[in-house]
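Residue numbers (mature numbering (1 follows the signal peptide of the UniProt record, and there is no 0)): -20 to -1, 1 to 260.
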């Protein structure tokens, strides 16, 4: 027992000397680890990524514009501007009727690079909501994603927004998608910048949008309340009641034909005669 106590005391003394040993000259304590708050704390929620191709395919008559974007490899460029930058993107999409109004020499004579600049001149390198166009209209020409040679003028008048290039005055006629960071607006004309067109390109009047189908009658599928019910046409295979020939050819039923009435009348007459004889 005494030996165990002595051994334990020796261990305690040895540990104490190690823990209290003075630092050597010039030695420093290692700094304690600390947590540093960074700009990514807490994590910033990411915007839901939408598919530009799906939007233009499903939400309107924008197949011509989408075809040019795919031809010039701009779909990914626009999506990267929307989701890989802090500014977002605004896209002005002309409807198919607007492209159809351009006569053949207008776009067929453009090179692939020029066509790419034309598509990029329909975009702004920032996300704009519809209400922000009023402020944008007061700052003069706005540079598009195509660069400084491709500018547009935005005007705002009592809620009506126009986007003007050198040879086109397009009107915003609808909002396709306005959620940040990608805003898409529908135009009734194609923007024609003077950097690509030295003179006014030949443009036919843009046809009106096709009329919507008339609404269904208030009374549902059966028609309105004042509509007369349809008259049932006679079945050509069924014989008419007033047709003697048809009546003669018709099959006789078990209990309702005229032929079955004669026996009943004879029996009734016999019964009356029998009663008369009994009475006598």
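Cβ atoms here follow ideal geometry from the backbone N, Cα and C, with glycine treated the same way.
Under 8 Å between C-beta atoms of residue i and residue j
i           : j           : result
residue 124 : residue 58  : no
residue 164 : residue 153 : no
residue 150 : residue 171 : yes
residue 146 : residue 174 : yes
residue 66  : residue 41  : no
residue 100 : residue 62  : no
residue 148 : residue 169 : yes
residue 68  : residue 107 : yes
residue 158 : residue 114 : no
Where residue i falls: helix, strand or coil (DSSP)
i           : result
residue 19  : The predicted model places residue 19 with a pLDDT of 45, which falls under 50 and marks its position as unreliable, so this point remains unresolved.
residue 101 : coil
residue 30  : coil
residue 55  : helix
residue 37  : helix
residue 123 : strand
residue 172 : coil
residue 218 : Confidence in residue 218 is poor, its pLDDT being 42 and thus under 50, which makes the residue's placement too unreliable to answer from.
residue 64  : coil
residue 178 : coil
residue 207 : Note that residue 207 scores a pLDDT of 46, beneath 50, so its modelled location is shaky and nothing firm can be said.
residue 256 : With a pLDDT of 40 at residue 256, under the threshold of 50, the modelled position of this residue cannot be trusted, and the question is left open.
residue 107 : coil
residue 45  : helix
In DSSP terms, what residue i is bridged to
i           : result
residue 166 : 73, 154
residue 144 : 133, 149
residue 82  : 183
Residue i: first and last residue of the uninterrupted alpha helix (DSSP H) it sits in
i           : result
residue 88  : 85 to 88
residue 113 : 113 to 116
The beta strand (DSSP E) enclosing residue i, as first and last residue numbers
i           : result
residue 127 : 127 to 137
Whole-Å CB distance - residue i paired with residue j, under 8 Å assumed
i           : j           : result
residue 134 : residue 122 : 6 Å
residue 182 : residue 78  : About 14 Å; that fails the 8 Å criterion.
residue 45  : residue 74  : 6 Å
residue 54  : residue 96  : 7 Å
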